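Numbering-wise (this note's numbering), the sequence shown opens with residue 3 and increments by one.
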Amino acid sequence: MSVFERRLIRETSFGLTGKLWRIPWLYVLLLCTLAGVGYVALYSAAGGSSEPYAAKHILRFAFGLGLMLSIALVDIRFIARLSWLAYAGGVLLLVLVLHMGHVGKGAQRWIEIGGMQWQPSELMKIALVMALASWFHKASWERMGNPLFLIPPAIALAVPVVLILKEPNLGTAVITAVVGGTVFLGAGLRWWKVGLGVAGVAAAAPIAYNHLHDYQRARITTFLNPENDPLGAGYNIIQSKIALGSGGMWGKGYLQGTQGHLNFLPEKQTDFIFTMIAEEFGLVGGVAVLVLLGLIILGGMAMALRCRHQYGRLVALGISMNFFMYVFVNIAMVMGAIPVGGVPLPLVSHGGSAMITVMAGFGLLLSVHVHRDVEFGEGRDEV
Numbered sequence: 003m004s005v006f007e008r009r010l011i012r013e014t015s016f017g018l019t020g021k022l023w024r025i026p027w028l029y030v031l032l033l034c035t036l037a038g039v040g041y042v043a044l045y046s047a048a049g050g051s052s053e054p055y056a057a058k059h060i061l062r063f064a065f066g067l068g069l070m071l072s073i074a075l076v077d078i079r080f081i082a083r084l085s086w087l088a089y090a091g092g093v094l095l096l097v098l099v100l101h102m103g104h105v106g107k108g109a110q111r112w113i114e115i116g117g118m119q120w121q122p123s124e125l126m127k128i129a130l131v132m133a134l135a136s137w138f139h140k141a142s143w144e145r146m147g148n149p150l151f152l153i154p155p156a157i158a159l160a161v162p163v164v165l166i167l168k169e170p171n172l173g174t175a176v177i178t179a180v181v182g183g184t185v186f187l188g189a190g191l192r193w194w195k196v197g198l199g200v201a202g203v204a205a206a207a208p209i210a211y212n213h214l215h216d217y218q219r220a221r222i223t224t225f226l227n228p229e230n231d232p233l234g235a236g237y238n239i240i241q242s243k244i245a246l247g248s249g250g251m252w253g254k255g256y257l258q259g260t261q262g263h264l265n266f267l268p269e270k271q272t273d274f275i276f277t278m279i280a281e282e283f284g285l286v287g288g289v290a291v292l293v294l295l296g297l298i299i300l301g302g303m304a305m306a307l308r309c310r311h312q313y314g315r316l317v318a319l320g321i322s323m324n325f326f327m328y329v330f331v332n333i334a335m336v337m338g339a340i341p342v343g344g345v346p347l348p349l350v351s352h353g354g355s356a357m358i359t360v361m362a363g364f365g366l367l368l369s370v371h372v373h374r375d376v377e378f379g380e381g382r383d384e385v
């Protein structure tokens, strides 16, 4: 890199005006559009009223938007130095939630901070991505092939997964493991090792099934045959499929969805928000939302590819995968492709802590893009 290029990078990256210019505002617009879709859907979920869901949704998004842009302006190298501190804080919160957390729907997953209930497992996913990216920053291909080098990050991944399983929260634990595994892959983990891990998980699945909680086994049984208990465990997914199918090509019309407005559709403001959208706007509306979600995911992956430093690439990859897993699990769940797991559709479903943590993650993603050309200090190994 020439002296002129280094000077240009310093001038454009480190000044406030330069950072504002480097923010991908089209990407921010996509996020605002998705939040707007959420407002429209939540307005309908409340029967044509901004209370109690839509008004809170837009206020939370406004706060999250300010938080996201603030994080985007913070030097990514400063953020990198906080990675393991954030990880330690996340683990501490997970431990605290097991001892003094709020119990809801049979699980102990929330803790009250600042008058708001937070789900530490959501914060942990972001902190885990930061910590793993910090460990793998500038790790060489040879180092990635050394099993001893992989033991500390493997333990760092296993600790939050086990703690989340103990809440119990199987869905989030699986998502956390997939997000962490994606960072491993992005750092250069050999594919044959991934194959061994997948084979090990598959072999242990029957044993793990016997150790699941009763309600978790019931979800799997219901997923395989929801018609066995149409008025009980299978009710949610059956009503979701009815609503999806009844929307047809163009939908029943805004505020005209019968399954949602006659209260047949459960949790229509959270887990099953996409079902309500598809009922009112049909296949065309559902596909439009999926395209919007896809553009956001692809945009995050593109930022990962454009970043010059490994830490930023891995953070952007992990954040994008976390968002993808939110979307995949929620959409697959409401279609009956996977067991119901209580995962919201990000920036669309009603919920405070999920909104703030997702926006904080996008703030990290934008910081990676804004500071994509900065030079980090020496790492463990040069690539």
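No residue lacks a Cβ here, since even glycine has one placed at the ideal position from N, Cα and C.
Source: prediction; values computed, not measured.
- For the 8 Å CB-CB criterion, histidine 371 and proline 149 do not form a contact.
- For leucine 187, the closest of Gly202, Pro155 and Gly173 by C-alpha to C-alpha distance is Pro155.
- The Cβ atoms of glycine 173 and leucine 130 do not sit closer than 8 Å to each other.
- By the CB criterion at 8 Å, leucine 267 and glutamine 258 fall outside the cutoff.
- The residue from Glu377, Phe378 and His373 with its alpha-carbon nearest to that of leucine 18 is His373.
- Check the Cα spacing between glycine 20 and each of Asp77, Val163 and Ala56: the tightest is with Asp77.
- Around the C-beta of arginine 62, 16 or more other C-beta atoms lie within 10 Å, and the residue is accordingly described as buried.
- A contact between stretches requires three or more CB pairs, one per stretch, nearer than 8 Å, and the region 298-314 fails this requirement with the region 280-289.
- Annotated three-state conformation of isoleucine 25 is coil, per DSSP.
- With a 10 Å radius around the Cβ and a threshold of 16 neighbouring Cβ atoms, alanine 318 comes out buried.
- Nearest Cα to isoleucine 239 within the set Trp86, Gly353, Thr184 and Gly343: Gly343.
- The count of Cβ pairs closer than 8 Å, one atom from the region 34-50 and one from the region 348-358, reaches three, so the stretches are in contact.
- Of the candidates Met102, Gly247 and Ala158, Ala158 places its Cα closest to the Cα of alanine 179.
- Shown here, isoleucine 298 sits in a helix according to DSSP, grouped into three states.
- Residue range 354-372 is occupied by the alpha helix (DSSP H) that includes valine 370.
- In the DSSP assignment, lysine 58 falls within the unbroken alpha helix (DSSP H) covering 56-74.
- With respect to the 8 Å criterion, methionine 70 and methionine 361 are classified as neighbours on the basis of their beta carbons.
- Taking a C-beta distance under 8 Å as the contact criterion, valine 93 and proline 162 qualify as a contact pair.
- Note on geometry: alpha-carbon atoms of serine 72 and tyrosine 237 lie some 43 Å from one another.
- Its chain contains His352 and Gly354 as the residues whose beta carbon lies nearer than 8 Å to that of lysine 58, once the 5 sequence neighbours on both sides are disregarded; these appear in chain order.
- A Cβ-Cβ contact shorter than 8 Å links tyrosine 29 with glycine 301.
- Straight-line measurement puts the Cα of valine 164 at about 21 Å from the Cα of proline 341.
- In terms of Cβ geometry, isoleucine 299 and valine 291 do not form a close pair [threshold 8 Å].
- Looking from the CA of phenylalanine 330, the closest CA among His263, Trp194, Val176 and Ser369 belongs to Val176.
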